[in-house]
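>
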Amino acid sequence: MNRKVITIDGPSGSGKSTVAKLLSERLGWSYLDSGAIYRLVAYKSLNSDCRTETDLLKMIEGININFEFKDKVYKVYLDSKDVTDAIRDEIIGEEASKLAKNSKVRTALINIQRNYGCSSNLITDGRDMGSVVFPNATLKVFLTASLKERAARRYLEIQNNGVATDLSEIELTMKARDERDEKREVSPLIEPFGSINIDTTLYDIAEVVEKLFSIWDNKALLAR
Ligand code: C5P
Numbered sequence: 009m010n011r012k013v014i015t016i017d018g019p020s021g022s023g024k025s026t027v028a029k030l031l032s033e034r035l036g037w038s039y040l041d042s043g044a045i046y047r048l049v050a051y052k053s054l055n056s057d058c059r060t061e062t063d064l065l066k067m068i069e070g071i072n073i074n075f076e077f078k079d080k081v082y083k084v085y086l087d088s089k090d091v092t093d094a095i096r097d098e099i100i101g102e103e104a105s106k107l108a109k110n111s112k113v114r115t116a117l118i119n120i121q122r123n124y125g126c127s128s129n130l131i132t133d134g135r136d137m138g139s140v141v142f143p144n145a146t147l148k149v150f151l152t153a154s155l156k157e158r159a160a161r162r163y164l165e166i167q168n169n170g171v172a173t174d175l176s177e178i179e180l181t182m183k184a185r186d187e188r189d190e191k192r193e194v195s196p197l198i199e200p201f202g203s204i205n206i207d208t209t210l211y212d213i214a215e216v217v218e219k220l221f222s223i224w225d226n227k228a229l230l231a232r
């Protein structure tokens with residue numbers, strides 16, 4: 009398969025999903041939000057009778073996931089039901105991060121991710137996209153930002169959705185989730201070999217997209 013792939017990995021709140029979506033729009037490429045896949049599995053398992061690991065793996069085998077990105081609106085469907093907002097809940101994020109420690113779950117999800125978008129060029133974001141899922145990606149990016157800044161971004165996002173929240177609690181939950189993602193045995197969150205590291209603490213989203221676009225443009229020019 010000769011498609012081009014850009015991977016954007018990083019901790020929660022580093023801006024990777026928003027940046028990846030905007031860049032995919034700008035380049036006209038497909039976009040895969042791998043975190044949403046883990047969230048969908050968490051959502052479905054919390055809303056079903058999955059009690060054992062066998063139940064969970066069986067559920068994953070039959071899972072029906074669809075992403076839609078139309079007219080700048082991004083939607084996630086599970087078995088034809090729109091769950092875009094439901095899977096953003098902090099409880100689902102926590103559960104996703106717990107399930108993500110399971111190596112059998114990760115293996116079961118790897119082909120869904122690799123086959124996504126068939127042969128079209130792809131931008132994808134997550135924790136192990138450049139290190140494990142697409143080790144031969146054309147361009148690998150690692151986005152970071154200070155914990156304070158990432159928590160503040162998440163706080164604003166939740167507030168903008170009209171939900172009351174507490175900044176210090178978000179910071180604590182985020183720190184715990186980062187540690188779980190970084191310290192797990194399988195596919196931990198790491199800066200992939202050969203990736204470009206961008207600290208977004210002092211940049212807004214538009215500046216990061218512009219930066220990545222010009223990195224990609226220069227790389228594509230050099231390859232010509
Ligand atoms: O990025 P997002 O917060 O939506 O991801 C939810 C959780 O899914 C992460 O905290 C992480 O534990 C897990 N995840 C993962 N590998 C990925 C993407 C997400 O382990 N490639």
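Positions 9 to 232 (the working numbering) are the ones given, in order, by the sequence shown.
Just so it is clear, CB atoms sit at the ideal spot from N, CA and C, and this is done for glycine as well.
Remember, predicted model here, so these are calculated numbers, not experimental data.
#1: Check for me: the beta strand (DSSP E) holding V49 runs from which residue to which?
#2: In the DSSP assignment, what are the bridge partners of F201?
#3: Are L130 and V216 closer than 7 Å when you measure CB to CB?
#4: When burial is assigned at 16 or more other CB atoms within 10 Å of the CB, is F150 buried or exposed?
#5: Who does D133 pair with in a DSSP beta bridge?
#6: With a threshold of 8 Å, are at least 3 pairs of Cβ atoms found where one atom belongs to the region 147-165 and the other to the region 67-79?
#7: Quick check for students: name the residue ranges of the beta strand (DSSP E) that lie wholly in the region 117-163, counting only runs of 3 or more.
#8: Do I204 and T26 have their beta-carbon atoms positioned less than 7 Å apart in this structure?
#9: Closest by CA to K183, which one among V140, L64, G101?
#10: Sort out for me which residues DSSP pairs K66 with in a bridge.
#11: I'd like the list of long-range same chain contacts for E98, defined as Cβ closer than 7 Å, with 5 residues on each side in sequence excluded.
#12: Apply the 10 Å Cβ neighbour rule to T132 and answer buried if 16 or more other Cβ atoms are within range, or exposed otherwise.
#13: Given A1, which residues of its chain have a CB within under 7 Å of its CB, disregarding the five upstream and five downstream residues?
The short version:
#1: Here residue 49 is taken as the residue at index 41 of the sequence shown, counted from 1. No beta strand (DSSP E) contains V49, which is instead part of the alpha helix (DSSP H) from 42-54.
#2: Walking along the sequence shown from the start, residue 201 turns up at place 193. DSSP lists no partner for F201.
#3: Taking the first residue of the sequence shown as 1, we reach residue 130 at position 122. Taking the first residue of the sequence shown as 1, we reach residue 216 at position 208. The answer is no: Cβ separation not under 7 Å.
#4: Here the question's residue 150 lines up with position 142 in the sequence shown. The residue in question, F150, is buried, as its Cβ has 16 or more Cβ neighbours within 10 Å.
#5: Taking the sequence shown and counting its residues from 1, one reaches residue 133 at position 125. Its beta-bridge partners are I16, D41.
#6: no
#7: 130-134, 147-152
#8: As a first step, residue 26 must be located in the sequence shown, where it is residue number 18. As a first step, residue 204 must be located in the sequence shown, where it is residue number 196. No. Outside cutoff.
#9: Position 175 of the sequence shown, counting from 1, holds the residue named residue 183. Among V140, L64, G101, the Cα nearest to that of K183 is on G101.
#10: Within the sequence shown, residue 66 is the residue found at index 58, counting from 1. For K66, which the question treats as bridged, DSSP gives no partner whatsoever.
#11: Here the question's residue 98 lines up with position 90 in the sequence shown. Excluding residues within five positions, the ones whose Cβ falls inside 7 Å are T181.
#12: As a first step, residue 132 is located in the sequence shown; it is residue number 124 there, counting from the start. So T132 ends up on the buried side.
#13: The structure shown does not extend to residue 1, since the chain is modelled only from 9 through 232, so no value can be given for it.
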